[in-house]
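Peer 1: Here UniProt numbering is used: the first residue of the sequence shown is 1, the next is one more, and so on. The C-beta atom is built at its ideal place from N, Cα and C for all residues, glycine as well. Dropping a structure here in structure tokens format, bear with me for questions.
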Amino acid sequence: MEIRPVTLPDVPYDATSVRPEWSDLPRRVREVISVRLASPVVAARSAGGGFTRAFAAVLTTEAGSSTFVKAAPLREPASEWYAREAAITHALPDSVRAARPRWTLAEAGWYALGLDAIDGRIPSLPWSRLHVESALEAWSTAAAALATPPPSLNGLPPLPSILRAEMSWWQLIESGHERMPSTARETTAASRLGELAALERALPALAAGTGMCHGDLRVDNVMIDNSGTAWLCDWTWPCLGAPWYDTVTLLVSAYASGLDVDAYLRPWNPPPDGVDGALAALAGYWLVRAADGPSSASPHSRQHQRFSGTQALSWLAERRGWPSP
């Protein structure tokens, strides 16, 4: 096996968020959350990972209990995301390792969600083999349990529809409807545009499936607890599709960590062109987004997108034997 160098992002994934502190929330919101917690809050530890500006913190009460609380004004999209996450995590089978909702509330123009607090952390990069294997085991268990989605979650969007609507950037560039992003100009993308577009075009049919996918499985949506067990977080964008697709998205950061990602993929039996199509589509999506102006969500989101897009494209080039630009 060829030994590849490890590539790390500019900012660790547990330090990407810019969030309000507990003391920044309106007094009435803090009061109603404290009432729901049945004890005054004595400590608040903000979630360092993520790319939204919404409140997310583990709140510890005077009584000694801890709850992971997310909150946002009802006028902001994050409140809808949190409400969706509450419904989805409530419906997940018991074998899926994910924090479960304890309560929700809508008061004083805010929505808040209380979840089980997982005593753990986002995996550090480079991934250790132990942690990536724990994360893959957690997703394998979840995918098996979600092969038939919970009845209460009917109406989930099909992954192929999402891919066609949101992840067809190479096709748009090839047709002249979009420009080649500045973030891709020094990569293999310029000389392989036709192949990238073709892989992207074929992907939706290959990624179709009837099981429930996480839809956003990446390193900062994994928590490793004190026993080394992985938990899957942020169930906001589930869809119906092939479970290997989520495995590919998770393994992009493992590729950057120098691990043998194709060996980790084999047990999932993915179609080779499906994997290549997923990497092409992910690279296009991330690199186009990375070329946008500064993000209002997090000052680190563009570097995450550029890092992820570059690594997805490098993995694809390695799989297909493309020479370096």
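Leaving out five residues before and five after L156 in sequence, what residues of the same chain have Cβ atoms less than 6 Å from its Cβ?
Peer 2: Taken in chain order, the residues that qualify are P238, C239, L240.
Peer 1: If you draw a straight line from the alpha carbon of S79 to that of G321, how long is it in whole angstroms?
Peer 2: When rounded, the distance between both Cα atoms is 45 Å.
Peer 1: Who are the near neighbours of M1 in its chain, counting only those whose CB is closer than 7 Å to its CB and skipping five residues on each side?
Peer 2: Any answer about M1 is weak, because its pLDDT of 46 lies below 50 and its placement is not dependable; what the coordinates show is given next. So the list reads D260, once near-sequence residues are dropped.
Peer 1: Expressed to the nearest angstrom, what Euclidean distance is found between the alpha-carbon atoms of A117 and P158?
Peer 2: A117 and P158: Cα-Cα distance of roughly 31 Å.
Peer 1: Taking the alpha-carbon of A71 as reference, which of V42, A106, A63, R100 has the nearest alpha-carbon?
Peer 2: Comparing Cα-Cα distances from A71 to each of V42, A106, A63, R100, the minimum goes to A106.
Peer 1: According to the Cβ coordinates, are L250 and W139 closer than 8 Å?
Peer 2: Taking 8 Å as the Cβ cut-off, L250 and W139 qualify as a contacting pair.
Peer 1: Measure the alpha-carbon distance for D94 versus S253 and round it to whole angstroms.
Peer 2: Rounded to whole angstroms, D94 to S253 spans 28 Å at the Cα level.
Peer 1: Who are the near neighbours of V248 in its chain, counting only those whose CB is closer than 8 Å to its CB and skipping five residues on each side?
Peer 2: The answer, listed in chain order, is L265, P270, V275, A278, L279, L282.
Peer 1: For N226, does the count of other Cβ atoms within 10 angstroms reach 16, so buried, or fall short, so exposed?
Peer 2: So N226 ends up on the exposed side.
Peer 1: Which whole runs of the alpha helix (DSSP H) in the segment 6-75 are 4 residues long or more, in chain order?
Peer 2: 27-37, all fully within the segment 6-75.
Peer 1: Which whole runs of the beta strand (DSSP E) in the segment 193-268 are 3 residues long or more, in chain order?
Peer 2: The qualifying runs are 222-225, 230-232.
Peer 1: By Cβ distance below 6 Å, which residues in the same chain neighbour L199 in space, the five residues on each side in sequence not counted?
Peer 2: These residues qualify, in order along the chain: D276, G277, A280.
Peer 1: Tell me, please, which residues DSSP counts as bridged to P101.
Peer 2: Partner(s): L115.
Peer 1: Does the beta-carbon distance from P204 to L163 come in below 8 Å?
Peer 2: Yes, the Cβ-Cβ distance between P204 and L163 is below 8 Å.
Peer 1: Go through the segment 166-196 residue by residue and report every complete run of the alpha helix (DSSP H) that reaches 4 residues or more, in order.
Peer 2: You should have 169-174.
Peer 1: For A143, count the other beta carbons within 10 Å of its own beta carbon; 16 or more makes it buried, fewer makes it exposed. Which is it?
Peer 2: By the 10 Å Cβ count, A143 comes out buried.
Peer 1: A38: which of G114, E85, E76 sits nearest, CA to CA?
Peer 2: Considering only alpha carbons, the answer is G114.
Peer 1: Can you find at least 3 beta carbon pairs, one from the segment 308-321 and one from the segment 181-199, that sit closer than 8 Å?
Peer 2: A contact exists between the segment 308-321 and the segment 181-199.
Peer 1: Based on DSSP bridge pairs, tell me the residues matched to A106.
Peer 2: For A106, which the question treats as bridged, DSSP gives the partners Y111.
Peer 1: Mind checking whether F51 and S17 have CB atoms under 8 Å apart?
Peer 2: In contact: F51 and S17 (Cβ atoms closer than 8 Å).
Peer 1: Tell me G120's beta-bridge partners as DSSP assigns them.
Peer 2: The partner list for G120 (beta bridge, DSSP) reads D225.
Peer 1: Can you check which of these residues, S324, N221, A207, P299, is closest to M167 by C-alpha distance?
Peer 2: Per the Cα distances, A207.
Peer 1: According to the Cβ coordinates, are L125 and V219 closer than 8 Å?
Peer 2: For L125 and V219, yes; Cβs fall inside 8 Å.
Peer 1: Please state whether the Cβ-Cβ distance between R84 and T229 is less than 8 Å.
Peer 2: Going by C-beta atoms, R84 is not nearer than 8 Å to T229.
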